[in-house]
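Inspection log for the structure reproduced underneath, given as structure tokens.
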Amino acid sequence: MALASDSNRPQAGGAHAGAAPAGAGFADWAQKIHPAAALVAIILLFMPALANSFWLFQIFSWSFILGMIGLSVMFLAGYGGMVSLMQMTVAGVAAYACAIFGVSASPAVNLGWPWWLAAPVALATGTAFGALAGALAVRTDGIYTIMITLAIAAAFFYFTNENYAIFNGHTGINAVAAPHFLGVDWHAAIPFYYLTLAIAAACYFAVLYLSKAPFGLALQGVRDNPRRMAALGFNVTAHRVAAYAFASFLASLGGVLLVWMNGEIAPSTAGVDAAIDILVIAVVGGVTRPIGPFVGALLYAILKAFAIDLLVAVGLNGARFRMLIGLGFLAIVLFSPDGFVGLWARFRAASGAAGKIPGGAGSRDG
Amino acid sequence: MIRFLERRPIWSIVILLAIAAFLWLIFAAWPAGLEQAIGKKKVFLSAVFNGITLGGLYFLVASGFTLIFGLLRNVNLAHGSLYLLGGYVGYNTIAWTGSWLVGLIVAFAASGLVGIALQVLVFRRMEGQELRQTMVTIGISIVMADLMLWIFGADFYQIMAPKWLAGPLTLPFVTAIKSSGEAVYLSYPIVRLAILAASIVVGLAIWLALNQTRIGMIIRAGVDDREILAATGIPIQHVFVIVFALGAGLAGIAGVVGGTFQSVAPGEDTRFLLASLIVVIVGGVGSIPGAALGAVLVGLAEQLGSVYIPTYAIVVTFLIMVLVLAVRPQGLLARR
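Heads up: the sequence lines are chains S and L, in that order. The numbering of the first sequence is our numbering, which starts it at 1074 and goes up by one. The numbering of the second sequence is our numbering, which starts it at 906 and goes up by one.
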């Protein structure tokens, strides 16, 4: 995996994601579904019957959104070997674009387009921004990527914070309208839950599919040995920029959903802390498998909602949420470099129930 | 220098013309048409001076960052936290002892010790895993920022400049010509000039230490090829500790200077981390002259930008970074 092993990564045999066997029929496919995965899917589908609207909206929908943005980090880091800190910024660009092109309470800075026009334009804007910034970031590689993407994230924050003409400065843009169509108010808890669930699932399966498609395999080859891939005739830079474009599309989806959920977008939403939180989510969840960021996001959302109670219960000031995040992140980076899903996989391997983990980049940690 | 002139004659002419135009703008009394077009010369000259002094401050922060990055291949994203720690420690020491210089020394020691602790306790254990080390510094910066918020609160602290640095100084730069034909000269706060002088002294000292001493030679060799250096039997871990302590200590000094120059407050850590990142990307990793050039460019861009195109100033800084990455991705003065 990318984080733990820059130097001790196996050099032999380019891409080693499990190549999907050709011509797998539906029955075959159904057999491969892990019972636990099926159970999770059923629980998620019937969640509105189990949980109240606070859990649906504030915990689950939010963690699906954060998970999508984290998934874009995971895609770049896990399959591309590029640790990007600007995916939250890409989401922020899409969210701002959605607010500026769409309808909001700041008439000076919005064009009032209907949502079906504003949302695709916002997605295109976010994706284009991410691809351009990615083209910049791939001018260098390795550890430089973190520096450049962090600089982009910080510069975007300071720009939006100071600029009133376009971004309405420190207050940002509020009362952004969520869509209302097919007779459904998509800002209500249950419709929004299904909306985010559907889009998050689509993103998850898209990444899963792409990881085994020729593009994903080539990308993993580029991650493992760019010189050999270049010698084989692959355009290394183009693959990396395309990876940024795809990841930025995922992050933009998250950004548009985020602005619909919160109804507002301010500089701090896409600030440096938020950018780092997304990295924390992806790394804590695990960047070896697409499910990782969603696990990380769920942990993050639950922690954010209940950290105050937890901290007060152990006799600390409730304001120490970020310290909890930082310490949790440190613990994961220090002790389980492949994140929470890695811990789970190791636990299963240790308890003798080691099966193939469904999907993902194969189990490198053996 | 000569080789650059020979290899890139057109670029050299463009750069020389730009420098000449800049110098003319600084030294000449501006004709009336120019003042009408872009405003008073005094505003421009103050912005230039503010930019250069801010560049001096950025250099203090970024020189340690670039040395640590160059030698240890570790992007220390907790560098901004070390800056902020130096600022807080310096403020409290100065409030307690009343001496600005003592504050400077204590801040250097405090940040340097934290740097040593980081190197010995954390980074040595994950030798050769640069990405993981960088992740750890992110975690440490989150925890440090929150700890400092806990201890020192969200207030702004302004460190008072020592008395012997108070007041303005008249500089031999003409800002305007009065109708009587008498020239008006720029007056500028002594404390800022002192900061600039101090950063030049620090820069020269680092440069001399790197180029004239044995330990400097070892550090330069380490920046070029760490593995071979280790193979020659140099106790490389000791060198790492020295460099980390020095880099962190410089960030601590910069914290005190920045607290005098501006203020110490939560969020400044991110600001100076961003400045260090851009300075190092522009100047080139591990290069002290590169850090100096990058710091002055970024400082000037920020100050001139905030005067002439307010609210878009950060974009100018950002564009410099983009331009450098596009033309010379390894940085302007990088050796590799």
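We put the CB at the ideal spot given by N, CA and C, even for glycine. The structure presented is a predicted model; accordingly, all values stated were derived computationally and were not measured.
Residues that residue i contacts on chain L, provided the C-beta gap is smaller than 9 Å
i              : result
residue 1338/S : By Cβ distance, chain L contributes nothing, its closest Cβ being about 18 Å from residue 1338/S, past 9 Å.
residue 1300/S : Near residue 1300/S there are no residues of chain L at all, since even the closest Cβ is about 17 Å away, more than 9 Å.
residue 1221/S : 1182, 1186, 1226, 1230
residue 1237/S : 1216
residue 1352/S : 1040, 1043
residue 1155/S : None at all; the shortest Cβ gap to chain L is about 10 Å.
One or two residues paired with residue i in a DSSP bridge
i              : result
residue 1169/L : 1062/L
residue 1253/S : 1258/S
residue 1338/S : 1246/S
Buried or exposed (CB count within 10 angstroms, at least 16 for buried), residue i
i              : result
residue 1123/S : exposed
residue 911/L  : exposed
residue 1081/S : Confidence in residue 1081/S is poor, its pLDDT being 37 and thus under 50, which makes the residue's placement unreliable; the coordinate value appears in the next sentence. With fewer than 16 Cβ atoms within 10 Å of its Cβ, residue 1081/S is classed as exposed.
residue 1344/S : buried
residue 1122/L : exposed
residue 1282/S : exposed
residue 1055/L : exposed
residue 976/L  : buried
residue 1382/S : exposed
residue 1130/L : exposed
residue 1051/L : buried
residue 1083/S : Because the pLDDT at residue 1083/S is just 33, under 50, the model does not fix this residue reliably, and the point stays unresolved.
residue 1003/L : exposed
residue 984/L  : buried
residue 1068/L : exposed
residue 1075/L : exposed
residue 1035/L : buried
residue 1138/L : exposed
residue 1225/L : buried
residue 936/L  : exposed
residue 1206/S : buried
residue 1411/S : buried
Per-residue contacts from residue i into chain S (C-beta, under 7 Å)
i              : result
residue 1234/L : 1212, 1213
residue 1243/L : With chain L running from 906 to 1241 in the structure shown, residue 1243/L is simply not present.
residue 958/L  : Under the 7 Å cutoff, chain S gives no residues; its nearest Cβ is about 20 Å from residue 958/L.
residue 999/L  : The premise fails here: residue 999/L is roughly 28 Å from chain S at the closest Cβ pair, so nothing lies under 7 Å.
residue 1175/L : 1227, 1345
Close beta carbons around residue i, own chain, < 7 Å, minus the five adjacent residues each side
i              : result
residue 1184/L : 963, 967, 1196, 1199, 1200, 1203
residue 1168/L : 1061, 1062, 1063
residue 1142/S : 1160, 1161, 1164, 1324, 1327, 1351
residue 1211/S : 1310, 1313, 1314
residue 1117/S : 1270
residue 1389/S : none
residue 1178/L : 982, 984, 985
residue 1039/L : 979, 980, 982
residue 1231/L : none
Proximal residues of chain S, C-beta to C-beta of residue i below 8 Å
i              : result
residue 978/L  : 1216
residue 1219/L : 1228, 1231, 1232, 1235
residue 1051/L : 1393, 1395, 1396, 1399
Contacts that residue i makes with chain S (C-beta to C-beta distance below 9 Å)
i              : result
residue 1214/L : Correct list: empty, because the minimum Cβ distance to chain S is about 11 Å.
residue 1243/L : Because chain L spans 906 through 1241 in this model, residue 1243/L falls outside it and cannot be assessed.
Chain L contact residues for residue i, given Cβ-Cβ distances below 8 Å
i              : result
residue 1161/S : Result: empty, since nearest Cβ-Cβ is about 14 Å, beyond 8 Å.
residue 1410/S : 1037
residue 1403/S : 1041, 1044, 1045, 1048
residue 1376/S : Per Cβ cutoff of 8 Å: no residues; residue 1376/S is ~14 Å from chain L at best.
Sequence-distant residues of its chain with Cβ nearer than 8 Å to residue i (five each side left out)
i              : result
residue 1398/S : 1350, 1353, 1373, 1376
residue 950/L  : 931, 1078, 1080, 1091
Interface residues of chain L facing residue i [CB-CB closer than 7 Å]
i              : result
residue 1224/S : 1179, 1182, 1183, 1186, 1226
residue 1121/S : The premise fails here: residue 1121/S is roughly 35 Å from chain L at the closest Cβ pair, so nothing lies under 7 Å.
residue 1313/S : Ordered by position in chain L, no residue passes the 7 Å Cβ test against residue 1313/S, which lies about 14 Å from the chain.
residue 1142/S : The premise fails here: residue 1142/S is roughly 17 Å from chain L at the closest Cβ pair, so nothing lies under 7 Å.
Residues near residue i by beta carbon distance below 6 Å, same chain, minus five either side
i              : result
residue 1174/S : 1184, 1186, 1191, 1194
residue 952/L  : 1208, 1209, 1212
(Q) To test your reading of the DSSP string, which unbroken alpha helix (DSSP H) runs of 4 or more residues are found completely within the region 1033-1109 of chain L? (A) Taking only runs of at least 4 residues, the alpha helix (DSSP H) segments lying wholly in the region 1033-1109 of chain L are 1035-1057.
(Q) Suppose only complete runs of 4+ residues qualify. What are the alpha helix (DSSP H) ranges in the region 913-962 of chain L, listed by chain order? (A) Whole alpha helix (DSSP H) segments, 4+ residues: 914-932, 937-943.
Q: Could you tell me which uninterrupted alpha helix (DSSP H) segments, each at least 4 residues in length, are contained entirely in the region 1375-1410 of chain S, listed from first to last along the chain?
A: You should have 1394-1408.
(Q) My parser needs the beta strand (DSSP E) runs of 3 or more residues fully inside the region 950-1024 of chain L; what are they? (A) The DSSP assignment places no complete run of the beta strand (DSSP E) inside the region 950-1024 of chain L (cut-off: 3 residues).
(Q) Just to confirm the assignment: which complete alpha helix (DSSP H) runs, minimum length 4, are found wholly within the region 1162-1201 of chain S? (A) Entirely contained in the region 1162-1201 of chain S, not one alpha helix (DSSP H) run reaches 4 residues.
Q. If you scan the region 1254-1298 of chain S from start to end, which runs of the beta strand (DSSP E) of 3 or more residues do you find wholly inside it?
A. Runs of the beta strand (DSSP E) inside the region 1254-1298 of chain S: none found.
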